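Q:
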Amino acid sequence: MDRIRIVGGRPLSGRIAISGAKNATLPLMIASLLTDEPLVLENVPRLADVALLQRILGNHGVDVMVGGKRPGDGEYDGQTLHISAKRIVDTVAPYDLVSRMRASFWVIAPLVARMGVAKVSLPGGCAIGTRPVDLLLMALRDLGADIEIDGGYVLARAPNGLRGGEIVFPKVTVGGTHTALMAAVLARGTTVIENAAREPEIVDVADCLTKMGARISGAGSSRIEIEGVARLDGARHRVVPDRIETGTYAMAVAMAGGDVLLEGAKPELLQAALDVLAEAGAEIAATNEGIRIARNGAGIAPVRVTTEPFPGFPTDLQAQLMALMTRAKGTSHITETIFENRFMHVQELARFGAQIRLDGETATIDGVPRLKGAPVMATDLRASVSLVIAALAAEGETLVNRVYHLDRGFERLESKLAACGAEIERISG
1 MDRIRIVGGR
11 PLSGRIAISG
21 AKNATLPLMI
31 ASLLTDEPLV
41 LENVPRLADV
51 ALLQRILGNH
61 GVDVMVGGKR
71 PGDGEYDGQT
81 LHISAKRIVD
91 TVAPYDLVSR
101 MRASFWVIAP
111 LVARMGVAKV
121 SLPGGCAIGT
131 RPVDLLLMAL
141 RDLGADIEID
151 GGYVLARAPN
161 GLRGGEIVFP
171 KVTVGGTHTA
181 LMAAVLARGT
191 TVIENAAREP
201 EIVDVADCLT
211 KMGARISGAG
221 SSRIEIEGVA
231 RLDGARHRVV
241 PDRIETGTYA
251 MAVAMAGGDV
261 LLEGAKPELL
271 QAALDVLAEA
281 GAEIAATNEG
291 IRIARNGAGI
301 APVRVTTEPF
311 PGFPTDLQAQ
321 LMALMTRAKG
331 TSHITETIFE
341 NRFMHVQELA
351 RFGAQIRLDG
361 ETATIDGVPR
371 LKGAPVMATD
381 LRASVSLVIA
391 ALAAEGETLV
401 NRVYHLDRGF
411 ERLESKLAAC
421 GAEIERISG
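Quick note, in the UniProt record's numbering, the sequence shown goes up one by one and the last residue is 429.
This is how it looks when you write it as C-alpha cells:
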C-alpha cells in the first residue's frame, strides 16, 4: 500500500494547475445514460473514482474511450472522455461496484428515466456518517416512480415513463438535486425542485444537460424548473475547475508560506473559503490566469467558521482549514453542520502536537508554535489531505499511510506540491 513521505518547513513557490472537478465529473458521466448519442467530456481529472465509474458504466453497456494526447497539451491537462450509451444492456448496478463509491448510486435516475426500470444496490463508499439515500428516493417517487427496497437493492419502476411533479427537499441535498435533475429532464411535463442545492457542480451538470437539449431554468438558485423533453442528444462539455482542490492548495500555501498561482481556478466558485483565508492572513488576488495565494512572514490568524451548503464555507474544506488553524496565533472554532462523524482527522492531527477539543459538532483549536512530524493514517478523502497540509509545516519527517483515499480525489498531489518546492514523495508498496 502506497505511503507519502513529507519533510516539512519548505515554503511553496510556483504554479499549480487546477484539475476538473471530481464532484461535477461523476454526475456528468452518469448523465451519459440519458442519451443514445455520444457525450464528450473535456478536462476530466485522472482519479481512482473516475476509473471506477467507467467500470460501473461499462457494466450497463456504456462504451468509454479516453482521448489521446493532443498538440499543446500540458502535463496536467485533463483527459477527454468519449462516452456512448447507445444501447443499455443491463439496468442492474451490483453491490460489488456501487458499494465502493456512493455517487454511483445516482445511476438509478437516468436508468429509470430512459429505460423505465433500475435495480441499484444501496451504496457504501464513505466513512462519513450515514449519508442516507432517502431524499433521492423521495425525488423519484415524486416523479411517479414505484420504489421497492429488497435484499439491499432498490428497485425503481416507471414502465410508462416518469411524469413531472413538485419536489420539495426538507434539507439541501446535492445528491438529491442531481438525481431529481437527471430524472426530470425526460419526465412528461414540468418539474419544480424546491430547496435545491446551489453548488457550482449542480450548475455545471445543468449546463451540460441543456447542451443535450434539456430545458432547465434556475440552476444555481434554490428553485429549479425543468420542462421535460422526449429525448436528449449528445454534446461536448468542459468540466468546471475543482473548487475543493483550489481551496486545498490555497490552504497548503497559507500553511507552508510562499507564493503560488493556482492556474485555471475561479474565485467565484469558493468565495466563502477565500474570505476565510484572507481573514487568516493570506494574500489573495484573482488574475486572468487563476488565483494567486501568498503568505510571507505574517503569522496565521485564528478564525471562527461554520460549514454550510454553497455559497457558505464548504464541508469538503473543513479538515484542511483545521490543519491550518493548528498553527494560528490564538484559538479557532470550526462547527460542522453538514455531516456527522466528520472529525476523524482530529486524532491524527493530534499526533503532530495539535491542540484540538471536540464538543458535539464544534472543534476548538488552540494554535501551537510548532508541529512535529509523525506517522499518521488517512481516514477519508478530505481528512487525508489535511494531514499533508499539517506535514508541510511540521518539523521533521511525516509518513502518511493509506493514501488511496487521496487518489480518489486529488490528481498527482505529490507531483504538484513537489514542483512548488515541497519535499514530498510517494513510496510504493
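Just so it is clear, CB atoms sit at the ideal spot from N, CA and C, and this is done for glycine as well. Since the structure is predicted, the reported quantities are computational estimates derived from the model, not experimental observations.
In chain order, what residues of the same chain have a beta carbon less than 7 Å from the beta carbon of Ser415, not counting five sequence neighbours either side?
A: For this step, residue 415 is matched to residue 415 along the sequence shown. Within the same chain, no residue comes within 7 Å of Ser415 by CB-CB distance, once the 5 residues on both sides are set aside.
Q: With distances taken from CA atoms, which of Val253, Tyr249, Gly290 and Gly258 is nearest Glu268?
A: The sequence position of residue 268 within the sequence shown is 268, counting from 1. For Glu268, the nearest C-alpha among the options comes from Gly290.
Q: What's the gap between the Cα of Lys329 and the Cα of Arg198?
A: In the sequence shown, the residue the question calls residue 329 occupies position 329. In the sequence shown, the residue the question calls residue 198 occupies position 198. Rounded to the nearest angstrom, the two C-alpha atoms are 34 Å apart.
Q: Can you grab the Cα-Cα spacing for the pair Arg10 / Ala254, in whole Å?
A: Counted from its first residue, the sequence shown places residue 10 at position 10. Counted from its first residue, the sequence shown places residue 254 at position 254. Arg10 and Ala254 have their C-alpha atoms some 12 Å from each other.
Q: Please state the DSSP three-state secondary structure of Ser222.
A: Within the sequence shown, residue 222 is the residue found at index 222, counting from 1. Three-state result, Ser222: coil.
Q: Looking at the unbroken alpha helix (DSSP H) that takes in Arg351, where does it start and where does it end?
A: Position 351 of the sequence shown, counted from the start, is the residue given in the question as residue 351. Counting along the chain, Arg351 falls outside any alpha helix (DSSP H), and DSSP gives it neither H nor E.
Q: Let me confirm a value: Ser221 is counted as buried when at least 16 other C-beta atoms fall within 10 Å, else exposed. Which label applies?
A: Residue mapping note: residue 221 aligns to position 221 of the sequence shown, counting from 1. Exposed, because fewer than 16 other Cβ atoms sit within 10 Å of the Cβ of Ser221.
Q: In the DSSP assignment, what are the bridge partners of Pro375?
A: Within the sequence shown, numbered from 1, the residue matching residue 375 stands at position 375. Partner(s): Leu399.
Q: Tell me which residue opens and which closes the beta strand (DSSP E) that Arg215 is part of.
A: By one-based count along the sequence shown, residue 215 stands at place 215. Here the beta strand (DSSP E) through Arg215 covers Arg215 to Ser217.
Q: Please say whether Ile147 and Leu140 have beta carbons closer to each other than 8 Å?
A: Stepping through the sequence shown from its first residue, residue 140 is reached at position 140. Stepping through the sequence shown from its first residue, residue 147 is reached at position 147. Yes, these two residues count as a Cβ contact at 8 Å.
Q: What do you get for Ala286, buried or exposed, if any count of 16 or more other CB atoms within 10 angstroms of its CB means buried?
A: Numbered from its first residue, the sequence shown carries residue 286 at position 286. Burial call: exposed.
Q: Can you name the residues that DSSP bridges to His237?
A: On the sequence shown, position 237 is the one that residue 237 refers to. DSSP, once it has assigned bridges, lists Leu41 as partnering His237.
Q: Taking all protein chains shown into account, do 16 or more other C-beta atoms lie within 10 angstroms of the C-beta of Ile427, making it buried, or fewer, making it exposed?
A: Along the sequence shown, read from residue 1 onward, the residue named residue 427 stands at position 427. Result: exposed.
Q: Apply the 10 Å Cβ neighbour rule to Gln355 and answer buried if 16 or more other Cβ atoms are within range, or exposed otherwise.
A: Locating residue 355 in the sequence shown gives position 355, counting from the first residue. Counting the other CB atoms within 10 Å of its CB gives Gln355 a total below 16, which places it among the exposed residues.
Q: Cutting at 7 Å between CB atoms, please list the residues of its own chain near Val346, excluding the five before and the five after it.
A: Taking the sequence shown and counting its residues from 1, the one referred to as residue 346 is at position 346. If we look at Val346 and ignore the five residues flanking it on each side, its Cβ neighbours are Ile356, Leu358 and Ala363.
Q: The ligand ADP and Val346: does the residue's C-beta get closer than 7 Å to at least one heavy atom of that ligand?
A: The ligand ADP is not among the ligands present in this structure, which contains no ligands whatsoever.
Q: Would you call the segment 383–390 and the segment 223–237 touching, i.e. three or more CB-CB distances under 8 Å?
A: no
Q: What separation, rounded to the nearest whole angstrom, lies between the Cα atoms of Tyr153 and Gly68?
A: To locate residue 153, count along the sequence shown from 1; it is residue 153. To locate residue 68, count along the sequence shown from 1; it is residue 68. The alpha-carbon atoms of Tyr153 and Gly68 are separated by roughly 38 Å.
Q: Could you check how far apart the C-beta atoms of Thr307 and Pro314 are, in whole angstroms? I think they sit under 8 Å.
A: If you number the sequence shown from 1, residue 307 lands on position 307. If you number the sequence shown from 1, residue 314 lands on position 314. That pair is a contact at about 7 Å.
Q: At which residue ranges does the segment 53–126 contain complete alpha helix (DSSP H) runs of 4 or more residues, listed in the order of the chain?
A: List check, alpha helix (DSSP H) in window: 95–98 and 108–115.
Q: Would you list, in sequence order, the uninterrupted beta strand (DSSP E) runs of no fewer than 3 residues that lie entirely inside the segment 236–272?
A: 258–263
Q: Within a Cβ cutoff of 8 Å, which residues of the same chain sit near Val89, ignoring the five residues on either side of it in sequence?
A: Within the sequence shown, numbered from 1, the residue matching residue 89 stands at position 89. The answer, listed in chain order, is His60 and Gly61.
Q: Give the secondary structure of Val185 by DSSP, where H, G and I count as helix, E and B as strand, and everything else as coil.
A: Here residue 185 refers to the residue found at position 185 of the sequence shown. In the structure shown, Val185 sits in coil (DSSP, three-state: anything other than H, G, I, E or B).
Q: For Gly14, write down the residues that DSSP places opposite it in a beta bridge.
A: Numbered from 1 along the sequence shown, position 14 holds the residue referred to as residue 14. Partner residues in the beta bridge of Gly14, as assigned by DSSP, are Val260.
Q: Buried or exposed, going by whether 16 or more other CB atoms sit within 10 Å of the CB of Leu371?
A: As a first step, residue 371 must be located in the sequence shown, where it is residue number 371. Buried, because 16 or more other Cβ atoms sit within 10 Å of the Cβ of Leu371.
Q: Do you know whose CA, among Asn288, His82 and Ile6, lies nearest Gly264's CA?
A: Position 264 of the sequence shown, counted from the start, is the residue given in the question as residue 264. It is Asn288.
Q: Measure from the alpha carbon of Ala17 to the alpha carbon of each residue in Ala418, Ile424, Pro123 and Arg87, then state which is nearest.
A: Within the sequence shown, residue 17 is the residue found at index 17, counting from 1. Answer by Cα proximity: Ala418.
Q: Looking at the structure shown, is Thr287 part of a helix, part of a strand, or coil, going by DSSP?
A: Within the sequence shown, numbered from 1, the residue matching residue 287 stands at position 287. Note: Thr287 maps to strand in three-state DSSP.
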